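Visitor: I have a structure I would like to understand better, so I am pasting it below and will then ask my questions one at a time.
Residue numbers (the numbering used here), protein chains in the order written: chain W, 1 to 330; chain X, 1001 to 1093.
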């Protein structure tokens, strides 16, 4: 969900009989819930799928800083500003944990970042929406980080050791993000003016559907899910995760005193779940293809940051070299 | 970043505990690796001490050779306290 439509290269899942002895031993390890570690043998498809998924996840964390960065200088109080900066710093940290996990698979960080800049690598569709008012900071923390948590809690059990361990660290930090977001909205609804309360509802109206899209297409439209599930890179299907998120979020929405922009959203006693309306999938695919409201702006901002920071990285290397030479000469 | 080296990071979470591997960072030198490790792995009081070690200075056992490497300890049950059965009367030992 921070990773959407991750290509596995497999048309269908092989049975144990069709596998080579190495592949079979690998699959049996996965089936027995033994974690795969960097130096273990793994099928090339497994390695490539993981590089795609983990890099996409890392890019999402990094690009995810941008919609929030928009509000650092506009936060209403110093307290909120400090909280927002702490959250953004965490996202940078999460990106780094994930890039590190990706590098254990032999992938190069610079190359993967270059793919992002060339539009060859994806990141979560959600970060291509603008953050228009302060309530968006609340709604992003509550809904976007909330959706991320649902996905990431499950990914703590993913089959690749370094990815699983990165997820465990990330989950520990993520609940602060969601709570600070919800508290922003709660304060606005309890103590805010009529106009501020409308800002909260407006933020929810705009971000509700994009948050649901984060889980990716329906299971029967998700061609890579089966292989990813067999390899236990993925542990629950897109639709299962989306339902979990809705079931836990609707009571929180009601507590706020707000509504979702979905007339079909209602409790289904028989299923024991909330029913909800159909997502606008055309919008989802458009955003993923690069035609969302902010895609170009996000990538340009990332490129600019890398380019304008180049001299700092070069200076650090020059300084390190000089220090080393001096130490050797002394 | 190609010119930056990879460092493995070990953190002692509390006095009295050993350092534990937590992940890695890229840095131009050891001093920067230390600062990056602090920012990345100890934002919430997770540590009282950090080691950073150049990744290429670590020699690791190959996981595929696990059986051969650890074979000598496989068949020595007498190295475990539970191997020695004592009568109940002796009490806790």
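Just so it is clear, CB atoms sit at the ideal spot from N, CA and C, and this is done for glycine as well. Quick caveat: nothing in here was measured; it's all calculated off a predicted structure.
Could you tell me if residue 1091 of chain X is buried or exposed, where buried requires 16 or more neighbouring beta carbons within 10 angstroms of its beta carbon?
Guide: Position 91 of the second chain, counted from the start, is the residue given in the question as residue 1091 of chain X. Exposed, because fewer than 16 other Cβ atoms sit within 10 Å of the Cβ of residue 1091 of chain X.
Visitor: Looking at chain X, is there any beta carbon in it that lies within less than 8 Å of the beta carbon of residue 323 of chain W?
Guide: Stepping through the first chain from its first residue, residue 323 of chain W is reached at position 323. Chain X, which has a Cβ nearer than 8 Å to the Cβ of residue 323 of chain W, makes this yes.
Visitor: For residue 83 of chain W, count neighbouring C-beta atoms within 10 Å of its own C-beta (all shown protein chains included) and say buried if the count is 16 or more, exposed if not.
Guide: Taking the first residue of the first chain as position 1, residue 83 of chain W is located at position 83. So residue 83 of chain W ends up on the buried side.
Visitor: Taking CB distances under 8 Å as the criterion, tell me whether residue 197 of chain W reaches chain X.
Guide: For the purposes of this step, residue 197 of chain W is taken as the residue at position 197 of the first chain. Not closer than 8 Å to any Cβ of chain X, the Cβ of residue 197 of chain W fails to qualify, so no.
Visitor: From the DSSP output, which residues share a beta bridge with residue 1020 of chain X?
Guide: Sequence index remark: in the second chain, residue 1020 of chain X carries index 20 (1-based). Per DSSP, X/1011.
Visitor: Spell out the partners DSSP gives residue 299 of chain W in its beta bridges.
Guide: Stepping through the first chain from its first residue, residue 299 of chain W is reached at position 299. DSSP links residue 299 of chain W through a beta bridge to no other residue.
Visitor: To the nearest angstrom, how far is the alpha carbon of residue 1040 of chain X from that of residue 1031 of chain X?
Guide: As a working mapping, residue 1040 of chain X is identified with position 40 in the second chain. As a working mapping, residue 1031 of chain X is identified with position 31 in the second chain. Near 14 Å, if we compare the C-alpha coordinates of residue 1031 of chain X and residue 1040 of chain X.
Visitor: Answer yes if the segment 110-129 of chain W comes into contact with the segment 169-186 of chain W, meaning at least three C-beta pairs across the two stretches below 8 Å, and no otherwise.
Guide: no
Visitor: Excluding the five sequence neighbours on either side, which residues of its own chain have a C-beta within less than 8 Å of the C-beta of residue 1086 of chain X, listed in chain order?
Guide: If you number the second chain from 1, residue 1086 of chain X lands on position 86. Same-chain partners within the cutoff: 1093.
Visitor: Would you say the segment 189-197 of chain W touches the segment 145-156 of chain W, given that touching needs at least three Cβ pairs under 8 Å?
Guide: no
Visitor: What residue range is occupied by the uninterrupted alpha helix (DSSP H) comprising residue 311 of chain W?
Guide: Counting from one through the first chain, the residue named residue 311 of chain W turns up at place 311. Segment 310-329, the alpha helix (DSSP H) holding residue 311 of chain W.
Visitor: What ranges does the alpha helix (DSSP H) occupy inside the segment 212-259 of chain W, keeping only unbroken runs of at least 4 residues that lie completely in it?
Guide: Runs of the alpha helix (DSSP H) lying entirely within the segment 212-259 of chain W and spanning at least 4 residues, in chain order: 225-230, 238-256.
Visitor: Out of W/258, W/166, W/211, W/161, which one is the CA nearest neighbour of residue 200 of chain W?
Guide: Against the first chain, residue 200 of chain W aligns to sequence position 200. With distances taken between Cα atoms, residue 200 of chain W lies closest to W/258.
Visitor: Could you pull out every residue in the same chain whose Cβ sits closer than 8 Å to the Cβ of residue 327 of chain W, ignoring the five residues on either side in sequence?
Guide: Against the first chain, residue 327 of chain W aligns to sequence position 327. Cβ neighbours of residue 327 of chain W beyond the five flanking positions: none.
Visitor: Under a three-way DSSP split, which group does residue 1080 of chain X fall into?
Guide: To locate residue 1080 of chain X, count along the second chain from 1; it is residue 80. Coil.
Visitor: Note down, in chain order, all residues in the segment 1014-1035 of chain X with a beta-carbon under 7 Å from any beta-carbon belonging to chain W.
Guide: 1023, 1024, 1028, 1029, 1032
Visitor: Would you be able to state if there are at least three C-beta pairs under 8 Å between the segment 65-74 of chain W and the segment 31-40 of chain W?
Guide: Segments in contact, no.
Visitor: Can you tell me whether residue 32 of chain W is buried or exposed? The criterion is at least 16 other CB atoms within 10 Å of its CB, across all chains shown.
Guide: Numbered from 1 along the first chain, position 32 holds the residue referred to as residue 32 of chain W. The residue is exposed, with fewer than 16 neighbouring Cβ atoms inside 10 Å.
Visitor: With distance defined between alpha-carbon atoms, name the residue in W/20, W/22, W/29, W/17 nearest to residue 231 of chain W.
Guide: Within the first chain, numbered from 1, the residue matching residue 231 of chain W stands at position 231. Nearest of W/20, W/22, W/29, W/17 to residue 231 of chain W, Cα basis: W/29.
Visitor: Taking the C-alpha atoms as reference points, what is the distance between residue 331 of chain W and residue 138 of chain W?
Guide: With chain W covering 1 to 330 only, the question about residue 331 of chain W has no answer from this structure.
Visitor: Quick one: Cα of residue 75 of chain W to Cα of residue 133 of chain W, how far?
Guide: Indexing the first chain from 1 puts residue 75 of chain W at position 75. Indexing the first chain from 1 puts residue 133 of chain W at position 133. Approximately 10 Å between the Cα atoms of the pair.
Visitor: Check the Cβ of residue 182 of chain W against every Cβ in chain X and list those closer than 9 Å, keeping chain order.
Guide: Numbered from 1 along the first chain, position 182 holds the residue referred to as residue 182 of chain W. Chain X residues near residue 182 of chain W: none, gap ~20 Å exceeds 9 Å.
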